[in-house]
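Q: Chain order of the listed sequences is A and B. Numbered per my numbering, the first sequence spans residues 1 to 222. Numbered per my numbering, the second sequence spans residues 223 to 355. Quick one: the structure is below, and I'll ask about it shortly.
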Amino acid sequence: MIVGEQKSIAELQKIIAPYKKILILGCGTCTKTCFAGGEDEVATLASALRLACRKNGTGISIEELTIERQCENEFIQEAAPAASRNEAVLSLACGAGVQAVARRFGTTPVLPGVNTTFIGVLERQGIFTEECVGCGDCRLALYGGICPIARCSKKLLNGPCGGSKNGKCEINPDTDCAWQLIIERLTALGQLDNLRTYIPPVDWRSSNSGGPRKLVREDHII
Amino acid sequence: MDNTCTPVITVFCCTHTSTEGSPLFPDDVSGADLRIIRLACTGMLKDVFLLRAFESGSDAVVVLACPEGDCLHSEGNIRAARRVTYTRGILEQVGIDSQRLVMCNIAPGDAEAASQALRHAAAVLTDTDGGLS
Chain A
1 MIVGEQKSIA
11 ELQKIIAPYK
21 KILILGCGTC
31 TKTCFAGGED
41 EVATLASALR
51 LACRKNGTGI
61 SIEELTIERQ
71 CENEFIQEAA
81 PAASRNEAVL
91 SLACGAGVQA
101 VARRFGTTPV
111 LPGVNTTFIG
121 VLERQGIFTE
131 ECVGCGDCRL
141 ALYGGICPIA
151 RCSKKLLNGP
161 CGGSKNGKCE
171 INPDTDCAWQ
181 LIIERLTALG
191 QLDNLRTYIP
201 PVDWRSSNSG
211 GPRKLVREDH
221 II
Chain B
223 MDNTCTPVIT
233 VFCCTHTSTE
243 GSPLFPDDVS
253 GADLRIIRLA
263 CTGMLKDVFL
273 LRAFESGSDA
283 VVVLACPEGD
293 CLHSEGNIRA
303 ARRVTYTRGI
313 LEQVGIDSQR
323 LVMCNIAPGD
333 AEAASQALRH
343 AAAVLTDTDG
353 GLS
């Protein structure tokens with residue numbers, strides 16, 4: 001899932017300052033799961049902003065709505081009536097959701113309420129970890145299902161750096177050494193020989209470094 | 223605080239902190255207008271409940287939970303404590319003194335502890351800039 005974190009109240013107050021009527025639009029998929037933009041977070045933020053505006057003596061009208069996903073038109077259209085009633089939309093989706101909503105509502109400012117941080121997993125309740133950088137050339141089969149690009153601080157593809165201690169990264173002792181995990185995993189799978197293959201430098205053109213990417217599925221185009 | 227106004231204190235309490243027939247909140251406690259909201263467990267408490275209590279005119283909010291390790295639902299009181307901490311952070315961000323949100327763990331039926339919590343909340347109001355609204 002895409003993981004994000006809600007912006008601070010102070011930053012959000014600056015972002016919405018020009019508007020008197022806003023719609024806080026939640027997203028019921030990724031940002032809901034990471035507690036940044038689901039129904040509960042929309043309600044909490046709306047209440048916090050109302051309190052902040054009351055404290056500052058500035059009036060504001062806030063409408064709340066959460067749709068299933070902000071990255072699909074099918075769901076975005078459910079927000080059209082609410083968006084038209086307000087001067088701006090404060091989206092609690094990821095950056096993709098904000099842009100998809102902005103594209104749909106051409107004359108309504110759509111503002112970001114969340115800092116999108118990474119593609120990750122729920123490691124355990126309340127803890128999310130980055131697991132994928134979307135490089136566009138997945139080699140997890142080679143590394144036993146552990147990505148050295150996303151999880152090794154130095155993004156090394158041909159073995160550990162030698163700086164880890166007790167299985168922890170020398171960059172951050174709270175971070176597991178990805179290469180320790182890779183070697184343990186490949187050993188358990190009986191695939192340690194995978195590491196005898198030299199991996200050449202990554203061709204980053206398949207990543208975002210090659211410019212905005214597009215996926216076309218001709219078989220699904222209507 | 224404007225002394226001519228009666229402070230409003232909203233109390234969220236677990237039903238297990240009060241027993242049938244024994245009033246947990248004597249009328250004269252704190253001299254405040256009390257709004258009591260009983261929950262099946264303080265684990266049900268959400269951040270937004272606390273914020274909306276302030277929005278709807280409360281000058282202080284008190285959460286009364288069972289003692290740690292004594293929650294009928296295992297760890298509802300611990301979860302409530304975390305949400306209270308989180309909500310205090312929000313209150314500070316919006317410019318409201320987070321001391322206005324008070325949490326106490328009290329034994330079932332301990333009216334004296336409940337009264338103390340309310341007196342503490344009332345004292346906070348006199349120490350801060352008083353009424354919110």
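We put the beta carbon where it would ideally sit given N, CA and C, even for glycine.
1) Please specify which runs of the alpha helix (DSSP H), each continuous and at least 4 residues long, are wholly inside the stretch 93-124 of chain A, giving them in chain order.
2) Residues bridged to A/G26 by DSSP?
3) So that I know if they touch, is there some Cβ in chain B lying closer than 9 Å to that of A/V55?
4) At the 9 Å Cβ level, is B/T237 part of the contact set with chain A, yes or no?
5) Is B/V230 buried or exposed, if buried means 16 or more other CB atoms sit within 10 Å of its CB?
6) Please report how far the alpha carbon of B/A303 lies from the alpha carbon of B/C236, in whole angstroms.
7) With DSSP run on the structure shown, which of helix, strand or coil describes A/A141?
8) What residue range does the beta strand (DSSP E) around B/S337 cover?
9) Given that a residue counts as buried once 16 or more other Cβ atoms are within 10 Å of its Cβ, and exposed if not, what is A/P148?
10) Entirely within the stretch 40-86 of chain A and at least 3 residues each: give me those beta strand (DSSP E) ranges in chain order.
11) Can you say whether A/C138 is buried or exposed, counting buried as having 16 or more other CB atoms within 10 angstroms of its CB?
12) Roughly how many angstroms separate the alpha carbons of B/V346 and A/Q125, rounded to a whole number?
13) Give me, in chain order, the residues of the same chain whose beta-carbon lies closer than 8 Å to that of A/N73; leave out the 5 immediate sequence neighbours on both sides.
14) Please confirm if A/I9 has its CB atom under 9 Å from at least one CB of chain B.
15) Would a check of beta-carbon distances place A/T197 closer than 9 Å to chain B?
16) Please classify A/Q6: does DSSP put it in a helix, a strand, or coil?
17) Check whether the Cβ atoms of A/V89 and A/L23 lie closer than 9 Å to each other.
18) Can you find the residues in the same chain that come closer than 6 Å, C-beta to C-beta, to A/I15, ignoring five residues on each side of it along the sequence?
19) Using a Cβ-Cβ distance cut-off of 9 Å, determine whether A/S47 contacts chain B.
20) Under the rule that 16 or more other beta-carbon atoms within 10 Å means buried, what is B/D292, buried or exposed?
21) Nearest-angstrom Cα distance between A/G210 and A/R50?
22) Consult DSSP for B/G243 and reduce its assignment to one of helix, strand or coil.
23) By DSSP, does A/F223 sit in helix, in strand, or in coil?
24) Quick one: grab the DSSP three-state call for B/N327.
25) Exposed or buried, which one is B/Y308 when buried takes at least 16 other CB atoms within 10 Å?
26) Identify, in the order they occur along the chain, each residue of the same chain with its Cβ nearer than 6 Å to the Cβ of A/C280, setting aside the five sequence neighbours on each side.
27) B/G243 CB to nearest chain A CB: under 9 Å?
28) Can you find at least 3 beta carbon pairs, one from the stretch 23-41 of chain A and one from the stretch 113-125 of chain A, that sit closer than 8 Å?
29) Would B/F276 count as contacting chain A if we go by Cβ distances under 9 Å?
30) What in chain A is Cβ-close to B/D349, meaning under 9 Å?
31) So, A/L189 versus A/G136, is the Cβ gap smaller than 9 Å?
32) So within the stretch 273-317 of chain B, which uninterrupted alpha helix (DSSP H) runs reach at least 4 residues, ignoring any that extend past its ends?
33) Just confirm the distance between the C-beta atoms of A/C229 and A/F128, as a whole number of angstroms; I'd bet it's less than 8 Å.
34) Sorted by chain position, which residues of the same chain lie with C-beta nearer than 6 Å to A/A48's C-beta, five sequence neighbours on each side aside?
A: In this structure, then:
1) 95-104
2) Here residue 26 of chain A is taken as the residue at index 26 of the first sequence, counted from 1. According to DSSP, A/G26 bridges with A/T66.
3) The residue given as residue 55 of chain A occupies position 55 in the first sequence. Residue identity check: residue 55 of chain A is Lys in the sequence provided, not Val. With 9 Å as the cut-off, A/K55 counts as an interface residue toward chain B.
4) The sequence position of residue 237 of chain B within the second sequence is 15, counting from 1. In terms of beta-carbon proximity, B/T237 stays away from the interface with chain A, with every pair separated by 9 Å or more.
5) Position 8 of the second sequence, counted from the start, is the residue given in the question as residue 230 of chain B. That one is buried.
6) Position 81 of the second sequence, counting from 1, holds the residue named residue 303 of chain B. Position 14 of the second sequence, counting from 1, holds the residue named residue 236 of chain B. Whole-angstrom Cα-Cα distance: 13 Å.
7) Along the first sequence, read from residue 1 onward, the residue named residue 141 of chain A stands at position 141. It is coil, neither helix nor strand.
8) Mapped onto the second sequence, residue 337 of chain B falls at position 115. Run containing B/S337: none in the beta strand (DSSP E); it sits in the alpha helix (DSSP H), A333 to D349.
9) Walking along the first sequence from the start, residue 148 of chain A turns up at place 148. By the 10 Å Cβ count, A/P148 comes out buried.
10) 61-67
11) For the purposes of this step, residue 138 of chain A is taken as the residue at position 138 of the first sequence. Counting Cβ neighbours within 10 Å, A/C138 comes out exposed, since fewer than 16 surround it.
12) Counted from its first residue, the second sequence places residue 346 of chain B at position 124. Counted from its first residue, the first sequence places residue 125 of chain A at position 125. If you take the alpha carbons of B/V346 and A/Q125, they lie about 34 Å apart.
13) Numbered from 1 along the first sequence, position 73 holds the residue referred to as residue 73 of chain A. The answer, listed in chain order, is A100 and R104.
14) The count along the first sequence starts at 1 and reaches residue 9 of chain A at position 9. For A/I9, the answer is yes, since a Cβ of chain B falls inside 9 Å of its Cβ.
15) As a position in the first sequence, residue 197 of chain A is number 197, starting the count at 1. No - not a single Cβ of chain B is within 9 Å of the one on A/T197.
16) As a position in the first sequence, residue 6 of chain A is number 6, starting the count at 1. The answer is strand: DSSP assigns A/Q6 an E or B state.
17) In the first sequence, counting from the first residue as 1, residue 89 of chain A sits at position 89. In the first sequence, counting from the first residue as 1, residue 23 of chain A sits at position 23. In contact: A/V89 and A/L23 (Cβ atoms closer than 9 Å).
18) In the first sequence, the residue the question calls residue 15 of chain A occupies position 15. Once the five neighbours on either side are set aside, the close Cβ partners of A/I15 are L111.
19) Locating residue 47 of chain A in the first sequence gives position 47, where the first residue counts as 1. So yes, A/S47 belongs to the interface.
20) The residue you call residue 292 of chain B lines up with position 70 of the second sequence. Label assigned to B/D292: exposed.
21) Numbered from its first residue, the first sequence carries residue 210 of chain A at position 210. Numbered from its first residue, the first sequence carries residue 50 of chain A at position 50. One C-alpha to the other measures close to 43 Å.
22) As a position in the second sequence, residue 243 of chain B is number 21, starting the count at 1. Residue placement at B/G243 cannot be trusted, given a pLDDT of 48 that sits under 50; the coordinates are not used to answer.
23) Here chain A covers residues 1 to 222 and nothing more, so residue 223 of chain A does not appear.
24) Within the second sequence, the letter at position 105 stands for residue 327 of chain B. In the three-state reduction of the DSSP assignment, B/N327 falls in the strand class, which pools E and B.
25) Numbered from its first residue, the second sequence carries residue 308 of chain B at position 86. Classification of B/Y308: exposed, given that the 10 Å Cβ count is below 16.
26) This structure does not reach residue 280 of chain A, given that chain A is present from 1 up to 222, and the question cannot be answered.
27) Against the second sequence, residue 243 of chain B aligns to sequence position 21. Note that B/G243 has pLDDT 48, beneath the 50 cutoff, so the model's placement of it is unreliable and no number is given.
28) Enough Cβ pairs lie closer than 8 Å, so yes.
29) Working through the second sequence from its first residue, we reach residue 276 of chain B at position 54. Output row for B/F276: interface = yes.
30) In the second sequence, counting from the first residue as 1, residue 349 of chain B sits at position 127. By Cβ distance, chain A contributes nothing, its closest Cβ being about 18 Å from B/D349, past 9 Å.
31) For the purposes of this step, residue 189 of chain A is taken as residue 189 along the first sequence, with counting starting at 1. For the purposes of this step, residue 136 of chain A is taken as residue 136 along the first sequence, with counting starting at 1. Going by beta carbons, A/L189 and A/G136 fall outside the 9 Å limit.
32) 298-316
33) This structure gives no information on residue 229 of chain A, because the portion of chain A shown stretches from 1 to 222.
34) Within the first sequence, residue 48 of chain A is the residue found at index 48, counting from 1. Around A/A48: I9.
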